[in-house]
Amino acid sequence: MTTYPMPNRNLPARPAPWLLLVLCLLGGLGACGERRAEPAAAAATAAAPIQVGPENLWTVVRARVQSGPLLTGTLRPERRAEVRAEIGGTLREVSFEPGQAVAAGAVLARLDERAVRDARDSALSAVGSAERAALLARRNAERGDELLRTGAWTRRQQEDAWAASITADATLADARARLAAADKQLAYTVVHAPMAGRVAERPVAAGDVVPAGATLYVLVDPASMRLEAAVPAAELPRVQAGAAVEFTVRGYPDRRFRGTIERINPMADPVTRQVTLYVALPNADGALLGGLYAEGRVAADVREAPVLPIDAVPAGAAQASLWRVREGRLESVTVETGLRDAEAGYVEIRSGLEVGDRILLRPARTLQAGTPVEILPVLR
0 MTTYPMPNRN
10 LPARPAPWLL
20 LVLCLLGGLG
30 ACGERRAEPA
40 AAAATAAAPI
50 QVGPENLWTV
60 VRARVQSGPL
70 LTGTLRPERR
80 AEVRAEIGGT
90 LREVSFEPGQ
100 AVAAGAVLAR
110 LDERAVRDAR
120 DSALSAVGSA
130 ERAALLARRN
140 AERGDELLRT
150 GAWTRRQQED
160 AWAASITADA
170 TLADARARLA
180 AADKQLAYTV
190 VHAPMAGRVA
200 ERPVAAGDVV
210 PAGATLYVLV
220 DPASMRLEAA
230 VPAAELPRVQ
240 AGAAVEFTVR
250 GYPDRRFRGT
260 IERINPMADP
270 VTRQVTLYVA
280 LPNADGALLG
290 GLYAEGRVAA
300 DVREAPVLPI
310 DAVPAGAAQA
320 SLWRVREGRL
330 ESVTVETGLR
340 DAEAGYVEIR
350 SGLEVGDRIL
360 LRPARTLQAG
370 TPVEILPVLR
């Protein structure tokens, strides 16, 4: 009879095959999870760099910033002459057109002088007659003195002779005055320029019949152009004679002009409560024309300082927190601001930044200090 050995009951029982399969699967999943967690942790510890274009970076520079009362006004020539006809008559000649340059003393116009010349000739003739009459009367009076001494004349006759001489002298003086008036009237038929400048207006033409006092020309001196501008009365403490004014003029958008306050009107406008300033300005090239509209500002406060774009700092903020790029990474920096120059587009930085620092413009709110920064090249 065949016998089999009895099993050793001290040995552990062999696990079921399905249990081994489950354990293998669980172990594999755990290993996979460990391998996936390693890159995620590395990514968390090393943040990806942000890319910044040149248009989103500002390098702090030193520039001129200024502030002061804003003003608006009109350009007007300080030296202006309205040439009028001194006598009435027919315009025989007009010599200049609007826009032409005129020298002082140049003949602007001529009126028909025939009637005036006839009157002058008549006055001249009257002077000749009066001179002869006065001479004759004086000789008669002087001869009367001799006749009075010899007894041939009475004193009454001698007095009458001298009275006639005095009357003749008065008549001569009147005739001479009439001649002088006629000469002046004749001179008025030729109209001269009272100043050098340019013709701004000429409302008449040859052949027109004009009365005395009619406007023939308006002359202006472009070199004497000035700005008449208004500022609110509340800004007067920041305005004084001699202060500089910077302004732009419609028609010259790319040019900035400078002038100096000459005078300040002692009265404010009762309706607008604004005060007029009179600003002298150079105009040697004649570019500025009367009647042009100007906008500008009194340079009450002027400084040279580090600056940022005005939109990089919230309006009215005395301090601001910005992102500075240093050694390829972001760092937060607090700056103190000063003057805001709206026209130049700058804001003064009093502290917190130095010339050459690079500031991130329009940053996202999710940025963190220490984040690497990659600056993109300029596109061409």
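FYI, the numbering for the sequence shown is 0 to 379, going by numbering that gives the first Met the number 0. Backbone N, C-alpha and C define an ideal beta-carbon position, used for all residues, glycine too. Because the structure is a prediction, the values reported are computed rather than measured.
In the DSSP output, what is residue i paired with across the bridge?
i: Ile348; result: Thr336
i: Trp322; result: Ser331
i: Asp300; result: Ser66
i: Tyr292; result: Thr73
i: Gly196; result: Val101
i: Glu373; result: Gln50
i: Pro210; result: Looking at the DSSP assignment, Pro210 forms no beta bridge with any residue, so it has no partner.
i: Tyr277; result: Glu227, Arg262
i: Val306; result: Val60, Glu347
i: Val82; result: Tyr216
Buried or exposed: which applies to residue i, given that a residue is buried once 16 or more other Cβ atoms fall within 10 Å of its Cβ?
i: Thr336; result: buried
i: Val377; result: exposed
i: Thr188; result: buried
i: Pro269; result: exposed
i: Ile358; result: buried
i: Tyr345; result: buried
i: Ala129; result: buried
i: Ile165; result: exposed
i: Asp340; result: buried
i: Tyr251; result: exposed
i: Pro313; result: exposed
i: Asp284; result: exposed
i: Arg292; result: The identity of residue 292 in the sequence shown is Tyr, whereas the question assumes Arg. So Tyr292 ends up on the exposed side.
i: Ser66; result: buried
i: Met224; result: buried
i: Leu90; result: buried
i: Gly32; result: Note that Gly32 has pLDDT 44, beneath the 50 cutoff, so the model's placement of it is unreliable and the number below is only indicative. Gly32 comes out exposed.
i: Pro265; result: exposed
i: Leu110; result: buried
i: Gln50; result: exposed
Identify the continuous alpha helix (DSSP H) that holds residue i and give its terminal residues.
i: Gly143; result: 113-149
Helix, strand or coil for residue i, going by three-state DSSP, please let me know.
i: Gln156; result: helix
i: Arg237; result: helix
i: Ala163; result: helix
i: Leu24; result: Its pLDDT being 41, under 50, Leu24 is placed unreliably by the model, and the measurement read from it follows with that caveat. Of the three classes helix, strand and coil, the one that applies to Leu24 here is helix, per DSSP.
i: Pro362; result: coil
i: Arg272; result: coil
i: Arg177; result: helix
i: Thr170; result: helix
i: Ala283; result: coil
i: Ala311; result: helix
i: Ala41; result: With a pLDDT of 43 at Ala41, under the threshold of 50, the predicted position of this residue should be treated as unreliable, though the coordinate-derived value follows. Three-state result, Ala41: helix.
i: Glu33; result: Only weak support is given to the placement of Glu33: the predicted model assigns it a pLDDT of 44, under 50, and the value that follows is read from those uncertain coordinates. In the structure shown, Glu33 sits in a helix (DSSP, three-state: H, G or I).
Quick check on the DSSP output: the beta strand (DSSP E) that includes residue i runs from which residue to which?
i: Asp108; result: A quick correction: the sequence has Ala, not Asp, at residue 108. Segment 106-110, the beta strand (DSSP E) holding Ala108.
i: Glu92; result: 88-93
i: Gly258; result: 251-267
i: Ala226; result: Before going on, a small fix: residue 226 reads as Leu here, not Ala. Looking at the DSSP string, the run of the beta strand (DSSP E) that includes Leu226 is 224-231.
i: Arg201; result: Neither: Arg201 is in no beta strand (DSSP E) and is coded neither H nor E.
i: Thr214; result: 214-219
i: Leu56; result: 56-58
i: Ala243; result: 243-248
i: Arg459; result: With the chain running from 0 to 379 in the structure shown, residue 459 is simply not present.
i: Val190; result: 189-191
Next on the checklist: Taking contact to mean 3 or more Cβ pairs, one atom from each stretch, closer than 8 Å, check whether the stretch 190-203 and the stretch 217-237 are in contact.
Outcome noted: With a cut-off of 8 Å, the stretch 217-237 and the stretch 190-203 count as touching, because enough Cβ pairs lie within range.
Next on the checklist: Does the stretch 70-78 come into contact with the stretch 228-238, if we say contact requires no fewer than three beta-carbon pairs (one atom in each stretch) closer than 8 Å?
Outcome noted: In this structure the stretch 70-78 touches the stretch 228-238; the number of beta carbon pairs closer than 8 Å is three or more.
Checklist entry - Any chance the stretch 209-217 sits against the stretch 52-66, with 3 or more Cβ pairs inside 8 Å? => result At 8 Å Cβ cutoff, the stretches do not touch.
Item to check | Cβ pair count under 8 Å reaching 3, the stretch 174-182 against the stretch 121-138 | outcome: Enough Cβ pairs lie closer than 8 Å, so yes.
Next on the checklist: With a threshold of 8 Å, are at least 3 pairs of Cβ atoms found where one atom belongs to the stretch 319-333 and the other to the stretch 364-376?
Outcome noted: With the rule of 3 Cβ pairs closer than 8 Å, the stretch 319-333 counts as touching the stretch 364-376.
Next on the checklist: I'd like to know if the stretch 112-120 and the stretch 144-155 are in contact, where contact means that at least 3 CB-CB pairs between them fall below 8 Å.
Outcome noted: Contact fails: fewer than three Cβ-Cβ distances are below 8 Å.
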